[in-house]
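> Residue numbers (my numbering): 142 to 375.
Ideal Cβ placement from N, Cα and C applies to all residues, glycine included.
Bear in mind the structure is a predicted one, so any value in this text is a computation, not a measurement.
Quick one: the structure is below, and I'll ask about it shortly.
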Ligand code: ATP
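Quick look at the structure:
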């Protein structure tokens, strides 16, 4: 579904990604793990079209994304939920969710998608008229992911969805991610919480200083001694 071929990404003159090649198949959950500043977010930004200078080739559902602006990638079903939630705190939960359905592909189905999200997350339905800023961190993250779902993704890219959340909320988010995949949406997730991410992922990539140093199934990576020492606190 998604193929990155030898991607090099730059902020100005500074090269952050080096020769990144990876792929995501339809129906998978794929995790990218690695330390702070390894370049994980930059991979997602390169795919969604928000990094200005990207060399190499990215293909999504058979289409070469070179030169295609970010909003058009959204119309193709490539949806990016950035780090840090970025909700509108004084708007209600429902208004925040509805903001996600701006893409043409999503507008007509807005009510139906909203009903589906509330069905998956009754807690949000109960709070739909509350200001988003009044929710707990975990609930706000669910709204951010829900807003991504409102755009009707084929591929949903999640950047650090569990950052700063209490353990029980972390589990809730990962359970939700599984549920989303089971509903037919493919997922590419970036996480510093490597253990949890690899537990839910079908496959994973380990990023170090802008390069992929390891790849495998979630289970293979969890069992990898070097990785356990470096990231998993073993
Ligand atoms: P984190 O979890 O801290 O977000 P990350 O693995 O997602 O880490 P990136 O955010 O992709 O890493 O950042 C990779 C490198 O690129 C870092 O050294 C960062 O300082 C740099 N960088 C990120 N965004 C910019 C930018 N807009 N301009 C210049 N440098 C940037």
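Given this structure, state the Cα-to-Cα distance separating residue 327 from residue 370, to the nearest angstrom.
To locate residue 327, count along the chain shown from 1; it is residue 186. To locate residue 370, count along the chain shown from 1; it is residue 229. Distance between the alpha carbons of residue 327 and residue 370: 30 Å.
> For residue 233, which beta-bridge partners are listed by DSSP?
For the purposes of this step, residue 233 is taken as residue 92 along the chain shown, with counting starting at 1. The partner list for residue 233 (beta bridge, DSSP) reads 272.
> Could you give the uninterrupted runs of the alpha helix (DSSP H) lying entirely in the segment 191-232, keeping only those of 4 residues or more?
Correct list: 211-216.
> Could you tell me if the beta carbon of residue 254 falls within a distance shorter than 8 Å of some heavy atom in the ligand ATP?
Here residue 254 corresponds to residue number 113 of the chain shown, with the count starting at 1. Flag unset: Cβ of residue 254 not near the ligand ATP.
> Okay, do the segment 266-275 and the segment 222-237 touch, 3+ Cβ pairs below 8 Å being the bar?
With the cut-off at 8 Å, the segment 266-275 and the segment 222-237 touch.
> At a threshold of 8 Å, does residue 152 count as lining the ligand ATP (C-beta to nearest heavy atom)?
As a first step, residue 152 is located in the chain shown; it is residue number 11 there, counting from the start. Flag set: Cβ of residue 152 near the ligand ATP.
> Contact between the segment 145-154 and the segment 304-316: three or more CB pairs below 8 Å?
With the cut-off at 8 Å, the segment 145-154 and the segment 304-316 do not touch.
> Closer than 8 Å to a non-hydrogen atom of the ligand ATP - does that hold for the CB of residue 183?
Position 42 of the chain shown holds residue 183. Yes.
> Taking 8 Å as the threshold, find out whether the segment 155-167 comes into contact with the segment 347-359 through three or more Cβ pairs.
The segment 155-167 is in contact with the segment 347-359.
> Three or more C-beta pairs under 8 Å: does that hold for the segment 189-203 against the segment 252-261?
Verdict: no, contact absent.
> Taking C-alpha atoms, which residue in 344, 207, 216 lies nearest to residue 166?
Position 25 of the chain shown, counted from the first residue, corresponds to residue 166. The candidate whose alpha carbon is nearest that of residue 166 is 344.
> Between residue 331 and chain C, is the shortest Cβ-Cβ distance under 9 Å, so that the two count as touching?
The chain labelled as chain C is not found in the depicted structure, where only one protein chain is given.
> For residue 198, verify whether its CB is less than 8 Å away from any heavy atom of the ligand ATP.
Taking the first residue of the chain shown as 1, we reach residue 198 at position 57. Result no, Cβ not under 8 Å from the ligand ATP.
> Smallest Cα separation from residue 186: which of 212, 170, 309?
Locating residue 186 in the chain shown gives position 45, where the first residue counts as 1. When each option's Cα is compared against that of residue 186, the closest is 212.
> CA-CA distance, residue 287 and residue 298?
As a first step, residue 287 must be located in the chain shown, where it is residue number 146. As a first step, residue 298 must be located in the chain shown, where it is residue number 157. Distance between the alpha carbons of residue 287 and residue 298 is about 12 Å.
> If the criterion is Cβ atoms closer than 9 Å, does the pair residue 170 and residue 341 meet it?
Taking the first residue of the chain shown as 1, we reach residue 170 at position 29. Taking the first residue of the chain shown as 1, we reach residue 341 at position 200. Cβ distance < 9 Å, so residue 170 and residue 341 count as in contact.
> With residue 360 as the anchor, note down where its alpha helix (DSSP H) starts and where it stops.
Start at 1 with the first residue of the chain shown, and residue 360 comes out as number 219. Start and end: 359-364.
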